[in-house]
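In my numbering, the protein residues as written are 64 to 404.
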């Protein structure tokens, strides 16, 4: 797996985990204390947070998009709050999906901006005020920030990947957890198990014992992709590239070659030239993820973009009314907060 996360995080604990355990204990203590003692500003709108227990991709962004679409069906005007991985704006900035570069706002905000206004800033309270005052949003969806955001969260939906779970179950730097599960569950409103697999079963049982509702969903290729019968060189710079490669196969594409890159990777000219030359020599098409395409949109040669196919995916909840339930419970929690002052 090519990712920012060390591969041993997703394996059985070994000597590296043992060697790092003192640092993990210190990190866990600080992270848990930070979550418990954080002063969170109350925003004049409902706040739904889509988070995860671990470092690395769990499919939060497609979930956030699906819930924003549900909010719109319920006659709400959603807006997204994002830190923007690698973004460079010092002040809160509303993303322009047509003109902003991923280097300036991050790749995920560019995808979110196709569905609702997105404020990019580490100061999510300032971003929230910008969306409310200037864009008329009345329902805020926070993509990530579960552990660190300093605004009050009315509903925290934590996404866990069924294939990778919580890795070796250790806290950074010995494992992928951002804090101990017991500390994170205190602030969890609901758990969403994404995809198929058994790696998340233990944490799902732990959440169920804590009386947290458990939901299930999966991603599926957009039905209009038309990949059947085509042969590809597939490349991806996301948390778990293997998931993308499997999705291409599910959509009917044949993968002759794959190229995994680190999460949020910005491609150099030499890398794009190598991908194009290899695909041309082998008679293959090029295919990548929507997140990678967002990073390539500004900077990649036009002849590269012209031959590139992008696999679009949708989040599908196992029970139809789950998105509506999550929105309703967020609204209910916000109303209770307003009554209490």
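Positions of the beta carbon are idealized from the N, C-alpha and C atoms, including for glycine.
Please read all numbers here as calculations on a predicted model, not as lab measurements.
For residue i, which residues from the same chain have a beta carbon less than 7 Å from its beta carbon, with the 5 sequence-adjacent residues on both sides left out?
i, result
"residue 316", "290, 293, 295, 350"
"residue 179", "131, 141, 142, 143"
"residue 117", "229, 230, 239, 240, 241"
"residue 327", "148, 149, 170, 300"
"residue 359", "330, 368"
"residue 219", "112, 114, 209, 250, 251, 252"
Within its chain, find whatever has a CB closer than 6 Å to the CB of residue i; leave out the 5 residues flanking it on each side and keep chain order.
i, result
"residue 273", "248"
"residue 185", "146"
"residue 263", "223, 225, 228, 256"
"residue 177", "160"
By the 10 Å Cβ neighbour count, where 16 or more other Cβ atoms means buried, how is residue i classified, buried or exposed?
i, result
"residue 285", "exposed"
"residue 355", "buried"
"residue 23", "Since the first and last residues shown for the chain are 64 and 404, residue 23 lies out of range."
"residue 161", "exposed"
"residue 171", "buried"
"residue 75", "exposed"
"residue 401", "exposed"
"residue 89", "exposed"
"residue 232", "buried"
"residue 94", "buried"
"residue 399", "exposed"
"residue 187", "buried"
"residue 217", "buried"
"residue 246", "buried"
"residue 346", "exposed"
"residue 138", "exposed"
"residue 261", "exposed"
In terms of alpha-carbon separation, which member of the options lies closest to residue i?
i, options, result
"residue 276", "196, 255, 283", "255"
"residue 79", "235, 307, 399", "235"
"residue 335", "298, 83, 98", "298"
"residue 405", "318, 266, 375", "Absent from the model: residue 405. The displayed extent of the chain is 64 to 404, so no value can be given."
Given residue i, which residues of its chain have a CB within under 8 Å of its CB, disregarding the five upstream and five downstream residues?
i, result
"residue 64", "Note that residue 64 scores 39 on pLDDT, short of 50, meaning its location in the model is unreliable; the coordinates nonetheless yield the value given after this. Excluding residues within five positions, the ones whose Cβ falls inside 8 Å are 70, 73, 303, 304, 305, 323."
"residue 174", "124, 128, 353, 354, 357"
Could you tell me which residues DSSP pairs with residue i in its beta bridges?
i, result
"residue 164", "None; residue 164 has no bridge partner."
"residue 322", "298"
"residue 282", "378"
"residue 145", "183, 206"
"residue 372", "350"
Exercise for the section: For the region 105–123 and the region 191–207, state whether three or more C-beta atom pairs, one from each stretch, are separated by less than 8 Å. Expected result: Result yes; three or more Cβ-Cβ pairs closer than 8 Å.
Handout entry: the region 367–383 in contact with the region 186–202 per 3-pair CB rule at 8 Å
Key = no
Problem - Any 3 or more C-beta pairs closer than 8 Å across the region 357–367 and the region 335–348 - result: yes
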